[in-house]
Amino acid sequence: MMDTRASVKSINQKIEHVWQTQEEQRQKLYHEYCQEFLTLFQEWDMDVQKAKEEEEKLANIFRQQQKVLQHSRTVQSQRMQAIKELYEQFLKSMEDLEKNQENFLIGEQSELRKEMAMLQKHFMMEHQQQEVAIVRKSLHSLLF
Numbered sequence: 001m002m003d004t005r006a007s008v009k010s011i012n013q014k015i016e017h018v019w020q021t022q023e024e025q026r027q028k029l030y031h032e033y034c035q036e037f038l039t040l041f042q043e044w045d046m047d048v049q050k051a052k053e054e055e056e057k058l059a060n061i062f063r064q065q066q067k068v069l070q071h072s073r074t075v076q077s078q079r080m081q082a083i084k085e086l087y088e089q090f091l092k093s094m095e096d097l098e099k100n101q102e103n104f105l106i107g108e109q110s111e112l113r114k115e116m117a118m119l120q121k122h123f124m125m126e127h128q129q130q131e132v133a134i135v136r137k138s139l140h141s142l143l144f
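Numbering (full-length UniProt numbering), first residue to last: 1 to 144.
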């Protein structure tokens with residue numbers, strides 16, 4: 001029986017040793033992977049934080065661009081309104097100029113007609129005076 005007890009004790013010690021060795025190996029492997037997982041999770045968390053920061057930066061840039069675009073649209077609208085008003089002023093000025101020139105031409109034509117009528121009257125009077133002078137001369141030569 002002694003042999004059996006010694007044998008069982010030896011087997012138990014071997015099993016205990018194998019179990020303890022396996023447990024140590026499992027603990028070592030577990031510890032190594034825990035460290036790697038912890039490192040990866042920390043890096044992942046930093047990447048997520050960095051992505052959030054970049055997302056916020058992009059959101060700020062987008063808001064700034066929206067403000068710039070809105071300002072640009074407002075300025076364009078004001079410029080278009082100024083162009084429209086200037087164009088309307090130009091058209092009115094052109095109409096006024098045409099009316100003034102037309103009135104000026106009408107006045108000048110009236111003046112010109114008066115002057116031509118006076119010239120015609122003057123030529124007619126000169127012509128009559130010449131005819132009267134010719135008739136007098138003829139009468140004078142007939143009478144004397």
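The beta carbon of each residue, even a glycine, is placed where N, CA and C say it ideally should be.
Cβ neighbours of residue i in the same chain (closer than 7 Å, five flanking residues each side left out)
i	result
D3	none
R79	none
Q35	none
Other residues of its chain near residue i: CB distance less than 8 Å, five sequence neighbours each side excluded
i	result
I61	none
V48	none
Checklist entry - Taking the runs of the beta strand (DSSP E) that are 3 residues or longer, which of them lie wholly in the UniProt domain "XLR/SYCP3/FAM9" (2 to 121)? => result Whole beta strand (DSSP E) segments, 3+ residues: zero.
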